[in-house]
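Residue numbers (the UniProt record's numbering): 1 to 327. Even for Gly, the Cβ is constructed at its ideal location relative to N, Cα and C. Just so we're clear, the structure is a prediction, and the values are computed from it rather than from any experiment.
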Ligand SMILES: Nc1ncnc2c1ncn2[C@@H]1O[C@H](COP(=O)(O)OP(=O)(O)O)[C@@H](O)[C@H]1O
Ligand SMILES: [Mg+2]
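Set out below in structure tokens:
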């Protein structure tokens, strides 16, 4: 599923989707990412863009930065001068190339160049990236490209070297909390302290996830608390993860296995998310260094197996079993 699909959300209902309602319109409304915003702002102020590459995980402001640049450069005309394409949506590079060409050729309304934002550029094969590179060169006079990707290493060198690269980091807990307070204030929503902590924890640096969770939790009209947030985001409470690991460390495999079962079956948490949460918590388990290192090693192995398609439950049970067997 593309990000565009996620943004328009199946849960949109009658109410406006908050990730759109609260999407920053200008660069200085973007929370966190201070260094990146400052660099981008100086390009905008000089009205002299180069090609850009934005890399980093989901929900941290890559698309938002691109649209904010366009709004600042073109004002009300920004939609006419900004083309958003998704590399994984558009059946192959030929379609992308045609759309780019059409856009690059049409009239300019007095602007020197237009912007093409290509999302999920790392979904293109290296052959397709080669074609993209040639297209970028061909239209470099009147188009600036902003490529967005999760991993810059998946982008071929000749493209990387033509772009100013911006590495977006997951947002800090404080940045997420700040935005949660802001939106809750605007919407007249109350949350408990543990509800806010839960939003921040469940988001794990992803602002889209945090905002979607807040909107979902607000629907009930109740004060947003941690129970609501963890249930709505299919996130285990950190205490539950700790409980499971403590049981395994104490050699009680049966107990650890039943805690795991509760997470997977009753709470409907995905095995891959249990692994992510385990990974985030390793340093909070009070282990000596050697034990922590061993556990991390096993988490890495389990994560790899799950990503390559192994059965999640079997792999997680095997992980707990190996921890329980340790002396
Ligand atoms: N740095 C940020 N500051 C404020 N809001 C943000 C930030 N990053 C993401 N958001 C919120 O999350 C939504 C999705 O962000 P987006 O820029 O599309 O993420 P991505 O990095 O995946 O392209 C935005 O509409 C906005 O509401
Ligand atoms: Mg995006």
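Would a C-beta distance cut-off of 8 Å place residue 121 and residue 50 closer than the cut-off? Contact flag unset, no.
Is the stretch 240-251 in contact with the stretch 204-223, if contact means three or more CB pairs nearer than 8 Å? Taking a cut-off of 8 Å for Cβ pairs, the stretch 240-251 and the stretch 204-223 do not touch, as fewer than three such pairs fall below it.
Tell me which residues share the same chain as residue 271 and place their Cβ nearer than 8 Å to its Cβ, disregarding the 5 neighbours each side in the sequence. Exclusion of the five residues before and after residue 271 leaves 264, 306, 312, 313, 315, 316 as the residues of its chain whose Cβ lies within less than 8 Å of its Cβ.
Report the CB separation of residue 60 from residue 273 in whole angstroms; it is logged as a contact under 8 Å. At roughly 19 Å, the Cβ-Cβ gap does not stay under 8 Å, so residue 60 and residue 273 are not in contact.
Beta-ladder partner(s) of residue 165, from DSSP: By DSSP's assignment, residue 165 forms a beta bridge with 53.
Within the same chain, show all residues whose beta-carbon is closer than 7 Å to that of residue 198, passing over the 5 residues directly before and after it, in chain order. So the list reads 226, 229, 230, once near-sequence residues are dropped.
So what's residue 191 in DSSP terms, helix, strand or just coil? DSSP places residue 191 in strand when its eight states are reduced to three.
Look up residue 86 in the DSSP assignment and say whether it is helix, strand or coil. For residue 86, the three-state secondary structure derived from DSSP is strand.
What three-state label does DSSP hand residue 44 in the structure shown? The answer is helix: DSSP assigns residue 44 an H, G or I state.
Spatial neighbours of residue 324 within its chain, please: CB distance less than 6 Å, with the 5 preceding and 5 following residues excluded, ordered by chain position. Same-chain partners within the cutoff: 248, 251, 253.
For residue 104 versus residue 139, is the C-beta spacing smaller than 8 Å? Going by C-beta atoms, residue 104 is nearer than 8 Å to residue 139.
Got a sec, what are the start and stop residues for the beta strand (DSSP E) residue 19 sits in? Bounds of any beta strand (DSSP E) do not take in residue 19; it lies within the alpha helix (DSSP H) bounded by 18-21.
If we ignore side chains and look at the alpha-carbon of each, how far apart do residue 12 and residue 302 end up? Caution is warranted here: a pLDDT of 44 is assigned to residue 12, below 50, making its placement in the model unreliable, and no coordinate value can be reported.
Is the CB-CB distance between residue 322 and residue 298 below 8 Å? Yes. Within cutoff.
Please state the DSSP three-state secondary structure of residue 148. Three-state DSSP puts residue 148 in a strand.
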